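Engineer: Quick one: structure below, then a few questions.
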Amino acid sequence: MSLPDFTAMTHDEIADWLMHNDTVELMRLASAMPADTRIAVVDAQGDEIMKTTAFRMPPSLLAEMDEVAGNDREGRSGIVRRAVREYLDRHGQSGPAAA
């Protein structure tokens, strides 16, 4: 079975195809990808979709972050994203935002 050209399909057409077709070939292709391949879910504009996460932080550090984030449009999340990106860049990691 040949796979359709998903890039030429609308989101609704892709969803319909996935609901009504055998996806074994699609899964075989995905499993054949190198282990270090990174896959990102993107929106219609190609921007990576954010995923909610939780972590523990001392209340005093959180209070400092809130003071700094006061006027930042992205708030706490923006500060954490930038800090993690800077950390990964310093330690030799790369990702979609680093490219």
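Going by the numbering used here, the sequence shown opens with residue 982, and the numbers climb by one from there. Glycine included, C-beta positions come from ideal geometry on N, C-alpha and C. Since the structure is predicted, the reported quantities are computational estimates derived from the model, not experimental observations.
Are Ile-1060 and Met-1046 close, meaning C-beta to C-beta below 8 Å?
Structural biologist: yes
Engineer: By alpha-carbon positions, which one of Arg-1066, Arg-1054, Pro-1040, Pro-985 ends up nearest to His-1001?
Structural biologist: Pro-985
Engineer: For the alpha helix (DSSP H) that contains Ala-1035, what are its first and last residues?
Structural biologist: Taken as a continuous stretch (DSSP letters only), Ala-1035 belongs to no alpha helix (DSSP H), as it is neither H nor E.
Engineer: Tell me the start and end of each unbroken alpha helix (DSSP H) in the region 986–1019 that is at least 4 residues and wholly inside, in chain order.
Structural biologist: 992–1001, 1005–1012
Engineer: Where do the ends of the alpha helix (DSSP H) carrying Ala-1064 lie?
Structural biologist: Where Ala-1064 is concerned, the enclosing alpha helix (DSSP H) starts and stops at 1056–1071.
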